[in-house]
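**Q** Following my numbering from start to finish, the sequence shown increments by one per residue and tops out at 291.
Backbone N, C-alpha and C fix where the C-beta goes; we use that ideal spot for every residue, glycine too.
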Amino acid sequence: MDMYNFPALDCHAHVAHDVTQAQVKSLEGAIIFAMTRSLNEFHAATSNRQRGLVWAIGTHPANASSLNQWSGDRFRRLAKLSPIIGEVGLDRRGDLEAQARIFREVLVNAGASLISVHSTGRTREVINALEKNSHPGVILHWFLGNPQEVSRAAALGCFFSVNAAMSDAQLTALPLDRVLPETDFPSSRTRTGARVPGDVRALEKTVARLTRKDVGEVRELWYRNLRRLSLQAEVVHRLPLELADALERA
C-alpha cells in the first residue's frame, strides 16, 4: 500500500449490481460502500458478494420508480442482509410527502446499521426529520447545509461523507473528526477526479493540504472516524471481516 497502512475507503459510490470479479480486482483492494437506488437493485446485488464491496440497501428519493416499489415489510426483511442502508433521504425533486414517509420508515426500522443520507435541496428538512427520529449511524452524504444545520447535525451525532468536488470552504465547514471519504461515483467524475469507485486520491490530497497532514495520516483519520461511528451505531459485529479488522487497527 506504499505510504498507506489502510486500503482506500469510499463510503458512498454506485456500482453496477452485476460487477465482475475482474472489475472489482482492478479497484486495488479498496473498501467501498456500494449504494443501491431501489429495493429491487439491492436484491439483485445480494447474489454478487465480493471482497471489498459492501452493498447498501436503498431507495433513492429522486427516483420515482424506486419510491413506487417501496415496501416497509420488504425493507425490513432485506435490511437484515446488510449493515449499511443507502441511498435514502430527501430530494428537492419529486413527491416530498412520499419521500418523507419512506425516510421516516427507514429511520424507525434501521436497527444496528450505518445510513447514507441524501439531502439535495432538502438539508433543513433532513435535519428536521433526524431530530424527530434520530439514529446513531447517520452519514450525511455530500451535505451542503448552512452552518446552523451542520451544528444541528453534529449535535445529533451525524457524520459527513465528503468528496473532491466540494470546495475548500465546504470541506472545512465540517468537523474533521466526523468526516468520511466518498466519490459518489460515477457522479461528477470530472470534478471528483475519481476514475473508479474507491479512487479518493484527489480528496486525500485536498484534505492533506487543508489539515497539513500527509495523505497516509488523512486516510488513517478516516478509518478512526468510521470506527467511532461504527461503535456508536453498534454495527461493528455486522461489518465484513476485512473492514472490521481495519477498524480494529485504526
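Would you mind sorting D51 into buried or exposed? The rule is 16 or more other CB atoms within 10 Å of its CB.
**A** By the 10 Å Cβ count, D51 comes out buried.
**Q** Compare the C-beta of V147 against all C-beta atoms of chain D and say whether one is closer than 8 Å.
**A** Given the protein chain composition of this structure (a single chain), no chain D is represented.
**Q** Could you please give me the residues that DSSP links to I168 through a beta bridge?
**A** DSSP lists no partner for I168.
**Q** For S296 and N104, which I take to be in contact (beta-carbon distance under 8 Å), what is that distance rounded to the nearest angstrom?
**A** Nothing about residue 296 can be reported from this structure: the residues present for the chain run from 42 to 291 only.
**Q** Would you identify the three-state DSSP class for V60, choosing helix, strand or coil?
**A** Correct three-state label for V60: coil.
**Q** How many Å lie between N174 and C199 at the Cα?
**A** Those two C-alpha atoms are separated by around 13 Å.
**Q** In three-state terms, what does DSSP make of D240?
**A** In this structure, D240 counts as coil in the three-state DSSP scheme.
**Q** Give a yes or no on contact between the segment 130-146 and the segment 89-96, applying the rule of three or more CB pairs nearer than 8 Å.
**A** No, they do not touch.
**Q** Would you call the segment 205-221 and the segment 185-193 in contact, with 3 or more CB pairs under 8 Å?
**A** Contact holds: three or more Cβ-Cβ distances are below 8 Å.
**Q** Among the residues of its own chain, which have a CB less than 7 Å from the CB of H176, if the five just before and after it don't count?
**A** Here the set comprises L148, A151, I156.
**Q** Can you tell me the Cα-Cα spacing of R90 and G239, whole angstroms?
**A** Looking at the two C-alpha atoms, the distance is approximately 17 Å.
**Q** Taking DSSP as the reference, what is the three-state secondary structure of G113?
**A** In this structure, G113 counts as helix in the three-state DSSP scheme.
**Q** Per DSSP, L155 forms a beta bridge with which residues?
**A** Paired residues: I125.
**Q** Kindly list the residues whose CB is nearer than 8 Å to the CB of V259, restricted to its own chain and excluding five residues on each side of it in sequence; keep chain order.
**A** If we look at V259 and ignore the five residues flanking it on each side, its Cβ neighbours are E245, V248, A249, T252.
**Q** Quick check on this structure: which residue in R92, H84, M76 has the alpha carbon closest to the alpha carbon of Q64?
**A** Closest by alpha carbon: R92.
**Q** Assign S3 to one of three DSSP states: helix, strand, or coil.
**A** In this structure the chain extends from 42 to 291, so residue 3 is not present and cannot be described.
**Q** Please work out which residues of its chain come closer than 8 Å, Cβ to Cβ, to A195, disregarding the five sequence neighbours upstream and downstream, and give them in chain order.
**A** Contacts found: P216, R219.
**Q** Distance, Cα to Cα, L272 vs A291?
**A** Whole-angstrom Cα-Cα distance: 13 Å.
**Q** Can you list, in chain order, the residues of its chain with a C-beta nearer than 8 Å to that of R115? Leave out the 5 residues immediately preceding and following it.
**A** Here the set comprises L80.
**Q** Is it true that the CB of L171 sits closer than 8 Å to the CB of F201?
**A** Not a contact, by the Cβ cut-off of 8 Å.
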